[in-house]
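**Student:**
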Amino acid sequence: MKINSSYPVIMCESPQDVANFYITHFDFKATFSSDWYISLSNTEGDTDFELAVLDYKHPTVPHNYREKSKGVIINLEVDNVDDVYEKIMKEIPPVMEIRSEDFGQRHFIVSDPAGLLVDVIQVIPPSKEFEAMYQKEEGK
0 MKINSSYPVI MCESPQDVAN FYITHFDFKA TFSSDWYISL SNTEGDTDFE LAVLDYKHPT
60 VPHNYREKSK GVIINLEVDN VDDVYEKIMK EIPPVMEIRS EDFGQRHFIV SDPAGLLVDV
120 IQVIPPSKEF EAMYQKEEGK
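In terms of numbering that gives the first Met the number 0, the sequence shown has 88 at position 89, counting the first letter as 1, and numbering is strictly consecutive.
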């Protein structure tokens, strides 16, 4: 199956507040904006990243599923997590302070206005223990 696009949609109470969070702190730009749905895009990196925000009460959501998103972590991989951390620390408090992990990440976590976690990550070399757990691609 060929998939042309895939992106998360955050169902929330205040789409504009959530969209503004990603626009302000993570350089997303609105590509479509209504009072109930906002499509965002970040084209700064090697790969475009899309994210959408939806009013959870909108009739396009099946009635039995009209709930705010929860239990989701949005990972944003960046080139220099320390620079992003310094910028964001001036504006919003982290849920988890910046730290390096043996499994190959330096990261910190913040919460968006919808209550979802945003894990800002820089890939770093893993410890020897974790290096063995990574799957090697054929030919690499």
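The beta-carbon is built from N, C-alpha and C at its ideal position, and this holds for glycine as well. As the structure is a computational prediction, the values presented were derived from the model and not from experiment.
Run through DSSP, which three-state label would Glu66 get?
**Tutor:** It is coil, neither helix nor strand.
**Student:** Are the region 6-20 and the region 110-117 touching by the rule of at least three beta carbon pairs closer than 8 Å?
**Tutor:** Taking 8 Å as the limit for Cβ pairs, the verdict is that the region 110-117 does touch the region 6-20.
**Student:** Which residues in the same chain have their Cβ closer than 7 Å to the Cβ of Ile123, if we skip the five residues on either side of it in sequence?
**Tutor:** Once the five neighbours on either side are set aside, the close Cβ partners of Ile123 are Ser99, Gly103, Gln104, Arg105.
**Student:** CB Asn79 to CB Ile120, shorter than 7 Å?
**Tutor:** Not closer than 7 Å, so no.
**Student:** Tell me, which residues are paired with Lys28 by DSSP?
**Tutor:** Answer is Ser40, bridged to Lys28.
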